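Start counting the sequence shown at 24; every next residue gets the next number (our numbering). Glycine residues also receive a C-beta, built at the ideal position from the N, C-alpha and C atoms. Bear in mind the structure is a predicted one, so any value in this text is a computation, not a measurement. Reading through the structure tokens given below for one structure.
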Amino acid sequence: MKPLLIKNKFVPRGKVIICGDKSIAHRALILSALSSGKTILKNFPIHDDSYATMSALGALGVKILRKRHNQVLVFGKGLRGLVSCRKPVFVGDSGTTLRLLLGVLAGQDFKTKVIAGKSLSLRPMARVSLPLRLMGAKISSKVKGNEEYAPITIQGGSLKGIIYRLPVSSAQVKSAILLAGLFAKGRTCVIEKTATRDHTERMLRIFGADLVTKGKSVYLNPGKDLTSPGEIYIPADISSAAFFLVLALVIPGSRITIRRIGLNPGRCGLIDVLKRMQAKIKVSYSKGNKTQCAEPVGDLSVCASKLKGRVVYPDEVPSLIDELPILMVAACFAQGITIIKGAQELKVKETDRIKSMVSNLKKMGADIKVDKLSSDESIIIKGKGRLSGANLKSFGDHRTAMSVVIAALAAAGESRIDDISCISKSFPGFLTVLNGLSRS
Ligand code: S3P
24 MKPLLIKNKF VPRGKVIICG DKSIAHRALI LSALSSGKTI LKNFPIHDDS
74 YATMSALGAL GVKILRKRHN QVLVFGKGLR GLVSCRKPVF VGDSGTTLRL
124 LLGVLAGQDF KTKVIAGKSL SLRPMARVSL PLRLMGAKIS SKVKGNEEYA
174 PITIQGGSLK GIIYRLPVSS AQVKSAILLA GLFAKGRTCV IEKTATRDHT
224 ERMLRIFGAD LVTKGKSVYL NPGKDLTSPG EIYIPADISS AAFFLVLALV
274 IPGSRITIRR IGLNPGRCGL IDVLKRMQAK IKVSYSKGNK TQCAEPVGDL
324 SVCASKLKGR VVYPDEVPSL IDELPILMVA ACFAQGITII KGAQELKVKE
374 TDRIKSMVSN LKKMGADIKV DKLSSDESII IKGKGRLSGA NLKSFGDHRT
424 AMSVVIAALA AAGESRIDDI SCISKSFPGF LTVLNGLSRS
């Protein structure tokens with residue numbers, strides 16, 4: 024338990040250095056492991072979730088070395104080189120590790136039991152097990168009502184390609200199916216309702232897979248071995264940068280810059296929405312060496328701004344799903360009403376992030392409520408331009424914890440947050456970066 028007292032406020036100014044992108048890091052590890060050759064991953068973020076993927080791959084026989092300067096070296100085993108693991112493979116609380124790994128394991132002709140940590144064991148898995156079964160994998164899991172949960176036992180091998188329309192907009196599910204598709208007989212096609220982050224597709228192409236995207240459909244033709252590009256540079260994580268972006272927007276007099284940020288269109292929803300709220304954010308896309316791991320990259324400059332409430336629409340949600348908690352904080356500092364429509368996927372993250380954020384922000388004096396319309400949930404925030412310090416709770420969730428730290432720094436008075444150790448899931452250096460800003 025690591026409580027945090029926040030009483031000394033500061034005006035953030037200067038450069039913010041953010042670690043490499045978590046979503047891209049998982050994919051880089053997995054595809055490097057499945058390719059032939061060695062791959063050096065640069066600007067690699069070390070945190071609980073990336074560690075979960077490294078150690079799960081290690082259990083399946085992949086050698087991964089941590090090097091100096093945030094680099095990791097992966098010794099690829101080729102598409103057919105993973106080895107069976109007698110003990111269960113533990114994936115911690117990393118949802119991306121578990122769901123993507125199930126896609127890989129669906130292609131292996133051995134049986135694996137995958138176990139998860141406490142919070143991940145409560146998160147829905149039928150969304151991945153159903154399509155993987157359609158492809159031919161044999162999967163058993165803990166069943167409760169219509170839902171499935173970890174632990175999951177999967178026996179893969181002899182898969183067939185499928186055409187699958189995603190019932191939930193989830194990049195994790197899309198990625199699991201595409202990874203399984205590498206091992207299938209025949210073409211796999213995933214059709215999305217709303218486009219989600221396409222890191223897997225971009226990275227599969229770098230590794231030489233035969234993959235084509237047409238509108239909201241992705242087609243993968245199996246049969247090609249993956250070849251390492253040798254080196255991958257992971258751009259900075261926009262989901263981690265989001266906390267600093269909002270901090271700078273809501274504290275008068277702030278001005279920060281964040282360099283080499285990943286600007287995948289499937290991740291830029293927060294920037295788009297904040298700009299609609301009249302945030303002063305300048306995005307400069309990198310020229311010359313335009314892409315790093317086939318991802319758009321650029322620099323952000325952010326100045327304190329008078330935000331206005333706006334509507335966020337359901338088809339925007341996948342592009343800012345992880346940033347919704349911090350967007351709720353920004354909305355409290357705006358003038359006017361912000362409505363976030365179709366936010367229900369937030370309920371199945373590390374915690375129910377609608378509950379965690381609504382309860383914390385209410386304690387801070389926010390006017391925030393949830394509106395339920397059948398299965399769709401909207402969050403309605405009447406911005407008052409301020410919050411007050413309070414006793415806050417992280418609910419064991421890293422993004423709730425970092426969002427309330429930012430809210431507390433911008434609020435009047437003191438706040439206390441019960442336990443922020445969960446931040447290590449995605450951003451162990453968060454407080455160090457914050458402290459650095461307070462001194463500059
Ligand atoms: C992720 C996709 C998102 C996101 C998660 C990481 C990924 O989940 O919330 O933190 O790396 O693909 P869903 O795809 O399930 O929405």
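For residue i, report the span of its alpha helix (DSSP H) as first-last.
{"i": "R462", "result": "453-462"}
{"i": "A433", "result": "421-433"}
{"i": "G212", "result": "The residue you asked about is not Gly; residue 212 is Cys in the sequence shown. Per DSSP, C212 belongs to no alpha helix (DSSP H); it is in the beta strand (DSSP E), 211-214."}
{"i": "P154", "result": "149-158"}
{"i": "I294", "result": "292-299"}
{"i": "V196", "result": "194-204"}
{"i": "C355", "result": "347-355"}
{"i": "K386", "result": "376-386"}
Just to confirm, is the Cβ distance from residue i to residue j under 8 Å?
{"i": "A129", "j": "L182", "result": "yes"}
{"i": "A149", "j": "E170", "result": "yes"}
{"i": "K448", "j": "D72", "result": "yes"}
{"i": "A353", "j": "L297", "result": "yes"}
{"i": "L153", "j": "R439", "result": "no"}
{"i": "T250", "j": "F266", "result": "no"}
{"i": "L52", "j": "V112", "result": "no"}
{"i": "M226", "j": "L88", "result": "no"}
{"i": "T423", "j": "P252", "result": "no"}
{"i": "I344", "j": "E373", "result": "no"}
{"i": "V127", "j": "L234", "result": "no"}
{"i": "I281", "j": "I41", "result": "yes"}
{"i": "V306", "j": "L323", "result": "yes"}
{"i": "V106", "j": "G84", "result": "yes"}
{"i": "I464", "j": "G388", "result": "Given that the chain is displayed from residue 24 to residue 463, the structure contains no residue 464 and the question cannot be resolved."}
{"i": "L268", "j": "M300", "result": "no"}
By the DSSP assignment, the beta strand (DSSP E) with residue i in it spans what residues?
{"i": "T119", "result": "Element bounds for T119: not the beta strand (DSSP E) but the alpha helix (DSSP H), 118-128."}
{"i": "R36", "result": "36-39"}
{"i": "E170", "result": "170-178"}
{"i": "D390", "result": "390-396"}
{"i": "K448", "result": "No beta strand (DSSP E) holds K448; DSSP gives it neither H nor E."}
{"i": "D322", "result": "318-326"}
{"i": "Y308", "result": "303-308"}
{"i": "Q358", "result": "358-363"}
{"i": "D442", "result": "That residue, D442, is in no beta strand (DSSP E); it is neither H nor E in DSSP."}
{"i": "K405", "result": "399-407"}
For residue i, which residues from the same chain have a beta carbon less than 6 Å from its beta carbon, with the 5 sequence-adjacent residues on both sides left out?
{"i": "H222", "result": "S46, I47, R50"}
{"i": "D390", "result": "K405"}
{"i": "K416", "result": "D441"}
{"i": "V273", "result": "F356, A433"}
{"i": "M24", "result": "D442"}
{"i": "C326", "result": "R278, K303"}
{"i": "G436", "result": "S411, G412"}
{"i": "R283", "result": "P258, A259, V320"}
{"i": "G43", "result": "N66, F67, P68, I257"}
{"i": "G365", "result": "P337, V340, D399"}
{"i": "S263", "result": "I41, F450"}
{"i": "T119", "result": "H49, Q195"}
{"i": "S444", "result": "K25"}
{"i": "L157", "result": "I185"}
{"i": "L270", "result": "P35, I429"}
{"i": "K208", "result": "K183"}
If you drop the 5 nearest sequence neighbours on each side, which residues of the same chain put their C-beta closer than 7 Å to that of residue i?
{"i": "L121", "result": "V114, V137, A139, L143, A173"}
{"i": "T217", "result": "S192, D338, P341"}
{"i": "G204", "result": "G184, T211, L243, P245"}
{"i": "N31", "result": "none"}
{"i": "M77", "result": "L52, I87"}
{"i": "I446", "result": "H421, A424, M425, F453"}
{"i": "L123", "result": "H49, I53, Q195, S198, A199, L202"}
{"i": "E215", "result": "L189, S192, K197, K239"}
{"i": "V166", "result": "none"}
Considering only residues of the same chain and omitting the five flanking positions on each side of residue i, which have a CB-CB separation below 8 Å?
{"i": "K313", "result": "Caution is warranted here: a pLDDT of 48 is assigned to K313, below 50, making its placement in the model unreliable, and the coordinate value is therefore given only provisionally. So the qualifying residues of the chain are P319, V320."}
{"i": "R220", "result": "S46, A194, N287, G289, R290, P341, S342"}
{"i": "K248", "result": "It should be pointed out that residue 248 corresponds to Asp in this sequence rather than to Lys. Taken in chain order, the residues that qualify are S58, S59, G101, L102, G231."}
{"i": "R376", "result": "L347, P348, L369, K370, D420, R422, T423"}
{"i": "S461", "result": "N31, F33, P35"}
{"i": "C316", "result": "I47, A51, R225, M226, I229, I255, Y256, I257, P258"}
{"i": "K386", "result": "A413, N414, L415"}
Can residue i be considered in contact with ligand 3, in the sense that its beta carbon sits closer than 7 Å to one or more heavy atoms?
{"i": "Q367", "result": "As far as ligands go, the structure on display features ligand 1 and does not contain ligand 3."}
(request) Taking only runs that begin and end inside the region 218-285, name each unbroken alpha helix (DSSP H) of 4 or more residues, in chain order. (result) 222-229, 261-273
(request) Ignoring anything shorter than 4 residues or poking outside the region 45-78, list the alpha helix (DSSP H) runs there in chain order. (result) 45-56
(message) Runs of 3 residues minimum, wholly inside the region 79-111: which ones carry the beta strand (DSSP E) assignment?
(response) 86-90, 94-98
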